[in-house]
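Under the numbering used here, the first residue of the sequence shown is numbered 252, with each subsequent residue one higher.
From the three backbone atoms N, C-alpha and C, an ideal C-beta is built for every residue, glycine too.
Below: one structure, written as structure tokens.
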Amino acid sequence: MPSRYRTRYTVANWSAWDTSEPWGAGLSVAILIAAGGFVAWVAYLQVRISAEHRWPRVAGRIVESYRAVISYFYTYVGERHAGNRIRSLMSDRTLGASAQRIADQFPVGREVTVYVNPRDPRESVLEPGGEPRVVGVLWLVALVSLVSAALVAVA
252 MPSRYRTRYT VANWSAWDTS EPWGAGLSVA ILIAAGGFVA WVAYLQVRIS
302 AEHRWPRVAG RIVESYRAVI SYFYTYVGER HAGNRIRSLM SDRTLGASAQ
352 RIADQFPVGR EVTVYVNPRD PRESVLEPGG EPRVVGVLWL VALVSLVSAA
402 LVAVA
């Protein structure tokens, strides 16, 4: 075959393109940068979520509790706010028995401790630290994407 058809499509080389070609090398670098950006974003989320443990705590009261949708009021520095986040990265689309357990845990009228972001008092959570399963999955996806991008870049 003529040399212009040198593009590789082999699994053994972990490369779907010829990285010796200018477009192949550029694409490899772009994928590596995108994977690195994703890892940086996940690290940023982890730092932000970890900071919730240091946020000031105030008293609050549950005003709505239906399935996994919880609403509460709290006062921070003399100003009244409303919140609806139990944990960061937690979906309000929890279904079935899990949703009912969440609603049972936060009945209407219950006094709760609210963790308030001092930089933006409109942001609050009832349980600091984020949703552990989501954080774990994000780190797993970040690691796999970075390793995959590195394998493609060096192939």
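For this session: Could you name the residues of the same chain whose beta carbon sits closer than 8 Å to that of residue 353, not counting the 5 residues immediately before and after it, in chain order?
Result: Counting from one through the sequence shown, the residue named residue 353 turns up at place 102. Hits under 8 Å: 318, 319, 321, 337, 345.
Exercise. Cα separation between residue 400 and residue 328?
Worked result: Translated into positions along the sequence shown, residue 400 becomes position 149. Translated into positions along the sequence shown, residue 328 becomes position 77. Distance between the alpha carbons of residue 400 and residue 328: 47 Å.
Problem set entry | Same chain only: Cβ atoms within 7 Å of residue 385, ignoring 5 sequence neighbours per side | Position 134 of the sequence shown, counted from the start, is the residue given in the question as residue 385. The residues are 340.
For this session: Out of 279, 316, 305, state which residue places its alpha-carbon closest to the alpha-carbon of residue 249.
Result: The first residue shown for the chain is 252 and the last is 406, placing residue 249 beyond what the model contains.
Exercise. Where does the unbroken beta strand (DSSP E) through residue 324 begin, and where does it stop?
Worked result: Translated into the one-based positions of the sequence shown, residue 324 becomes position 73. Start and end: 320 to 327.
Problem set entry | Where residue 416 falls: helix, strand or coil (DSSP) | The displayed coordinates of the chain run from 252 to 406. Any statement about residue 416 would go beyond what the structure contains.
For this session: Taking 8 Å as the cut-off, decide whether the C-beta atoms of residue 394 and residue 296 are in contact.
Result: The sequence position of residue 394 within the sequence shown is 143, counting from 1. The sequence position of residue 296 within the sequence shown is 45, counting from 1. Not a contact, by the Cβ cut-off of 8 Å.
For this session: State the CB to CB distance for the pair residue 312 and residue 376, rounded to an integer number of angstroms; the pair is presumed to be in contact (CB under 8 Å).
Result: Walking along the sequence shown from the start, residue 312 turns up at place 61. Walking along the sequence shown from the start, residue 376 turns up at place 125. Actually they are not in contact, since the Cβ atoms of residue 312 and residue 376 sit about 15 Å apart, beyond 8 Å.
Exercise. Considering only the beta carbon of each residue, do residue 308 and residue 366 sit closer than 8 Å?
Worked result: If you number the sequence shown from 1, residue 308 lands on position 57. If you number the sequence shown from 1, residue 366 lands on position 115. Yes. Within cutoff.
Problem set entry | Under 8 Å between C-beta atoms of residue 314 and residue 323 | Here residue 314 is taken as the residue at index 63 of the sequence shown, counted from 1. Here residue 323 is taken as the residue at index 72 of the sequence shown, counted from 1. A contact, by the Cβ cut-off of 8 Å.
Problem set entry | Span separating the alpha-carbon of residue 278 from that of residue 289 | Residue numbering aside, residue 278 sits at position 27 when the sequence shown is read from its first letter. Residue numbering aside, residue 289 sits at position 38 when the sequence shown is read from its first letter. Looking at the two C-alpha atoms, the distance is approximately 17 Å.
Exercise. Going by beta carbon distance, what residues of the same chain come within less than 8 Å of residue 372, once the five residues before and after it are set aside?
Worked result: The sequence position of residue 372 within the sequence shown is 121, counting from 1. So the list reads 327, 328, 330, 332, once near-sequence residues are dropped.
Exercise. CB-CB under 8 Å to residue 351, same chain, minus the five flanking residues each way: which ones, in chain order?
Worked result: Here residue 351 corresponds to residue number 100 of the sequence shown, with the count starting at 1. Correct list, in chain order: 318.
For this session: Kindly list the residues whose CB is nearer than 6 Å to the CB of residue 286, restricted to its own chain and excluding five residues on each side of it in sequence; keep chain order.
Result: Translated into positions along the sequence shown, residue 286 becomes position 35. The residues are 396, 397, 400.
Problem set entry | Pick from 293, 334, 282 that is closest to residue 392, judged by C-alpha positions | Taking the sequence shown and counting its residues from 1, the one referred to as residue 392 is at position 141. Here the closest residue by C-alpha is 293.
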